[in-house]
Amino acid sequence: MNFFSIIKYDYLQRTRSYAFLITLCASLAIAYTFVPEPNANYSTIRIADYIGQYNSAWFGYVTAIMTSLFLSLIGFYLVNSGIKSDIETNVGQIVATTKVKNFNYLLAKVLSNFLVLLTILVIIFTMSIILFFLYSDGYSFEVFQFIKPYVLIPIPTLFFVAVLAVLFEVFFERYTVVQNIGFFFLFSLLMGPNPYNEKNFSLDLFGSKIVMSQMEEQVKQVADVKKTKQLSIGYVIGNVKKAKQFQFNGVNFTSSFIISRFLWVLLGFIMIYISSLSFHRFNIKEKITTKKHKATIQSKSIIKNISLSHLAKVKMNFSIFPLLKTELLLLIRKGKKWLWFINLLGMVLLTFLPLQIAHQFVLPILWFLQVSRLSEITTKEITNKVHYFAFTSYKPIYRLLVSQIGASILLVLFLALPLLIRELLIINFSGFISILLGGVFLVLLSASLGIVTKGKKLFEVLFFMITYANINGIPFLDYFGALTHSTTYLSKLLTLILILFAFTFIIRKKQLKKL
Amino acid sequence: MKLEIQNVSKRYTGNKYGLKDFSITIEKGILGLLGPNGAGKSTLLKMIATVSKPTEGTIILNKNNIVKDANYMRKQIGFLPQDFGVYPNLNAYEFLKYMAAMKGIGGKDLNTRITQLLEGLNLIEAAKKPIGSYSGGMKQRVGIAQALLNNPKVLIFDEPTVGLDPEERVRFRNLITDLANDCIVILSSHIVSDIDTIADEVAVLKNGTLLLKGHQEDVINKVRNNVFEISIPKGNYNLFKNKHLIVSTTRKSGNLMVRYITDNPLENSVKKEANLEDAYLYLTKTK
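Quick mapping for you: the protein sequence lines, in order, are chains A and B.
490 is the number of the first residue of the first sequence in the working numbering; add one for each residue after it.
28 is the number of the first residue of the second sequence in the working numbering; add one for each residue after it.
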């Protein structure tokens, strides 16, 4: 198989999916908010009391670093199943019998991943220019102020994220949960605060620190902001009215920074080469058999005479409890057994850590650990090809869907049980109800996105983003009441849940009608 | 028990039809659906099984329109899809209980019935092991078991012998014959030998339309007196193939023994007894 053919068809296969289209739309919607509309009630990048004037440099650099962070955050989850899909479709076994070398195959996967991310990048880039003309208020358009940051910041970052996606697939093979959680922690580590200096700029994968540093410098020139570390990056709501403006003129990238961006790409190539030496080349079953001595069960095919009229008689029984029980069983048995030890550890931490830490940090991580369980709530019928039975079952909406959602809610609330009990013991009903609603919200978000996209990706990507925001204390995405909120918070959350609930049922009903 | 399919069409995007203006009436016994890949067999079966809805037309079971009231059919159907899956983390017993719950059946005798089915299909020894560890034939038998869980009045098997070994195929055909005593069985296949030994009636489909439906004898009558066999040199095969409809070829003493269908047999041809495969090939290749 030709190297470029692998890239081309892999890219086409991914971008022609409905899930990609949905993710693209979601990315565009988020990118639209990167540079707030002049009267908007939020900011994305702000240095002390200052935001930049809406000139070309501000648009180019702000959207470039926001894209670098945002696409790195979700991009991994978007592209991290290239090899897995080759395993599932058995295309991998065909690839294994061709002359293509491991390195070439893995590199083709990296480039295909990269092209997928690049497609989104190009669309965001175009959108940033359109937004400039909408919001700029007379500043001249300087195309170089857009091209330069995009070339040097998000492009190398996205290439390396594409490499990481392949590396995680090679080294953790079928451990999807380890891949998801592993990247989460790696991303958090890479985003960690470092002092601004030349060395750290080069080590910054996302390329945002050098820009932020120079923005601070330029603010210092116009204002008396000496000790400023009051720099915020991310969505902060309601802080714009007081903001002053400064003129941002772009960044003079140092040669060491420029070289470092090439080195990140080079490092990616080296890592792919090293991983190709231990790539399984789709010889997976044998490996497992050798490890576990687990062979496929065979039984002699002696189909005896079966007479329907002589079988024990059954009665109609429309109770959903048997369905609920099996759905719960499916959730519990999903994934490796040892992951339950981590869940138990999480529950122990919820019991003994200070309440605020348990609520704000442990609970979202513990729930995020269930990402592969929750993302399958309404998609597993199709992925396991059980949908013919499921969709023709008796009242599939009011029995099966209800039991799927019910079982998932039971699971997430069971995991949060120690915290729920603690909230009750201190008579904090608001905290108690917030966690209950948070669990329900999470399940309904997954169920609705699974039904709409017919896949797991969008929920996985969003769940990752939301959890990251939760740990960083961003109030807007606090769906389980870990931060202080006004009294209207609970009612808003409840309204959102009701909307999601109605949406989930309506869409599933429509979907079944269209079969 | 009467299943009437009246002027049913399934139109996909554009003007593509999976099935076009299809009408058929099925009563007790086994109906074999024959047709090449893409003929519309699975499309038809999915609509009868209420997996999908017709774009036009009605499907009536005992005077109930199941296009409008799918649950009426769902209470009395057993369906084995062509390409079905299982939840690999459940064992056969749990999976069948789950399927029973989906179908809305239960009662104190459900466990007994599941055990009887597992015994009948020789799965009882592996019943407590995860289905993910089963062989393809065993999974297919789990599929058969789920189709028999309720007291089905209509049994639909879509290409049921795919993945079964020759011995399993024979035994499965015997099972279907037994089951047909109690209900309507609709069985699709593109392998004629799966149908010809058991079906009471045969329907031949091509390109989404019904070419012919009738008892096997009626179908075979279409080519009776037109099936011949002749020995030809290997070198003449391509020329022969262009002029005649070949059913099968076997090698014999350096020559080829060719079975073919024609109105004008060549000299030295030997007339043969026509069978369902001859009729099926004649219908699908010439119409």
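We put the CB at the ideal spot given by N, CA and C, even for glycine.
Mind checking residue i: buried by the 16 CB within 10 Å criterion, or exposed?
i	result
Arg663 (chain A)	exposed
Gly962 (chain A)	exposed
Val113 (chain B)	buried
Cys210 (chain B)	buried
Tyr39 (chain B)	exposed
Lys312 (chain B)	exposed
His799 (chain A)	exposed
Gly681 (chain A)	exposed
His242 (chain B)	exposed
Thr984 (chain A)	exposed
Leu107 (chain B)	buried
Ala546 (chain A)	buried
Lys598 (chain A)	buried
Give me the chain B residues within the contact set of residue i, using Cβ-Cβ distance strictly less than 8 angstroms, ordered along the chain.
i	result
Ile861 (chain A)	The residue asked about is misnamed: residue 861 (chain A) is Ser in this sequence, not Ile. The contacting residues do not exist; Ser861 (chain A) stays about 13 angstroms from chain B at best.
Lys945 (chain A)	By Cβ distance, chain B contributes nothing, its closest Cβ being about 16 angstroms from Lys945 (chain A), past 8 angstroms.
Leu889 (chain A)	Met129
Ile815 (chain A)	Checking the sequence shown, residue 815 (chain A) turns out to be Thr, not Ile. Simply Leu117, Glu121, Lys124, Tyr125, Ala128.
Leu812 (chain A)	Tyr125, Ala128, Met129
Run through chain B and tell me which residues come within less than 7 angstroms of residue i, C-beta to C-beta.
i	result
Phe807 (chain A)	Gly131
Nearest to residue i by alpha carbon, out of the options?
i	options	result
Val652 (chain A)	A:Ile613, A:Lys874, A:Ser765	A:Ser765
Ile642 (chain A)	A:Lys823, A:Gln502, A:Ser561	A:Ser561
Tyr531 (chain A)	A:Ser721, A:Thr976, A:Met954	A:Ser721
Asn89 (chain B)	B:Glu31, B:Lys124, B:Ser296, B:Asn98	B:Glu31
Leu909 (chain A)	A:Phe969, A:Asn569, A:Phe523	A:Phe969
Ser617 (chain A)	A:Glu526, A:Ile761, A:Val700	A:Glu526
Phe111 (chain B)	B:Arg168, B:Pro63, B:Leu303, B:Leu237	B:Arg168
Pro157 (chain B)	B:Tyr120, B:Ile53, B:Leu58, B:Ile171	B:Tyr120
Gly1007 (chain A)	A:Trp829, A:Val640, A:Leu817	Summary: the structure shown does not reach residue 1007 (chain A), with chain A confined to residues 490 through 1004, and so no result is reported for it.
Lys709 (chain A)	A:Gly541, A:Leu926, A:Ser897	A:Gly541
Lys29 (chain B)	B:Gly147, B:Ile75, B:Leu144	B:Ile75
Asn806 (chain A)	B:Asp223, B:Thr85, B:Lys124, B:Asn253	B:Lys124
Gly944 (chain A)	A:Thr881, A:Lys869, A:Trp829	A:Lys869
Compare the C-beta of residue i against all C-beta atoms of chain B and say whether one is closer than 8 angstroms.
i	result
Ser798 (chain A)	yes
Asn873 (chain A)	yes
Lys776 (chain A)	Because the pLDDT at Lys776 (chain A) is just 48, under 50, the model does not fix this residue reliably, and the value given afterwards should be weighed accordingly. Chain B contact via Cβ: absent.
Lys804 (chain A)	yes
Leu1006 (chain A)	With chain A covering only 490 through 1004, there is no way to say anything about residue 1006 (chain A).
Thr779 (chain A)	Only weak support exists for where Thr779 (chain A) lies, its pLDDT of 44 falling under 50; the value from the coordinates is given anyway. Not an interface residue.
Check the Cβ-Cβ distances between residue i and every residue of chain A, and say whether any is below 8 angstroms.
i	result
Leu239 (chain B)	no
Phe49 (chain B)	no
Gly134 (chain B)	yes
Leu202 (chain B)	yes
Gln42 (chain B)	It should be noted that the sequence gives Asn, not Gln, for residue 42 (chain B). No, its Cβ sits nowhere closer than 8 angstroms to a Cβ of chain A.
Asp221 (chain B)	no
Phe255 (chain B)	no
Asn10 (chain B)	Because chain B here runs from 28 to 314, residue 10 (chain B) falls outside it and cannot be looked at.
Leu30 (chain B)	no
So with CB distances below 7 angstroms, who are the chain A contacts of residue i?
i	result
Asn118 (chain B)	Ordered by position in chain A, no residue passes the 7 angstroms Cβ test against Asn118 (chain B), which lies about 10 angstroms from the chain.
Tyr114 (chain B)	Leu819, Asn873, Val875
Thr139 (chain B)	Ala801
Phe184 (chain B)	Within 7 angstroms Cβ-Cβ: nothing; Phe184 (chain B) doesn't reach chain A, min ~13 angstroms.
Asn177 (chain B)	Val803
Phe267 (chain B)	Here the premise fails: no neighbours, minimum Cβ distance about 36 angstroms.
Asp227 (chain B)	In chain order: nothing, as chain A lies at least about 17 angstroms away.
Asp110 (chain B)	Lys874
Gln143 (chain B)	Leu800, Ala801
Run down chain A in chain order and give the residues with a C-beta less than 8 angstroms from the C-beta of residue i.
i	result
Pro260 (chain B)	Simply none; closest approach about 38 angstroms.
Pro193 (chain B)	Residues of chain A passing the Cβ test: none, with the nearest at roughly 10 angstroms.
Asp209 (chain B)	Ser796, Leu797, Ser798
Asp290 (chain B)	Those do not exist, as Asp290 (chain B) stays about 43 angstroms from chain A at its closest Cβ, beyond 8 angstroms.
Would you mind telling me which residues of chain B sit closer than 9 angstroms to residue i, beta carbon to beta carbon, in chain order?
i	result
Ser882 (chain A)	Arg101, Met126, Ala128, Met129, Lys130, Gly131
If the cut is a Cβ gap below 9 angstroms, which residues of chain A does residue i touch?
i	result
Phe106 (chain B)	Tyr877, Phe878, Thr881
Leu206 (chain B)	Ile795, Ser796, Leu797
Gln173 (chain B)	Phe878
In chain order, what residues of the segment 77-93 of chain B put their CB closer than 7 angstroms to some CB of chain A?
-> Answer set for the segment 77-93 of chain B: Thr77, Val78, Ser79, Lys80.
Contact residues within the segment 594-619 of chain A, judged by C-beta distance below 8 angstroms to chain B | Result list empty, no residue passes.
Interfacial residues, the segment 145-158 of chain B to chain A, with Cβ spacing under 8 angstroms | Within the segment 145-158 of chain B, the qualifying residues are Glu146, Gly147, Leu148, Asn149, Leu150, Glu152, Ala153, Lys156.
Using a Cβ cut-off of 8 angstroms, which residues of the segment 817-842 of chain A contact any Cβ in chain B, in chain order?
-> The segment 817-842 of chain A vs chain B, Cβ under 8 angstroms: Leu818, Leu819, Arg822, Lys823.
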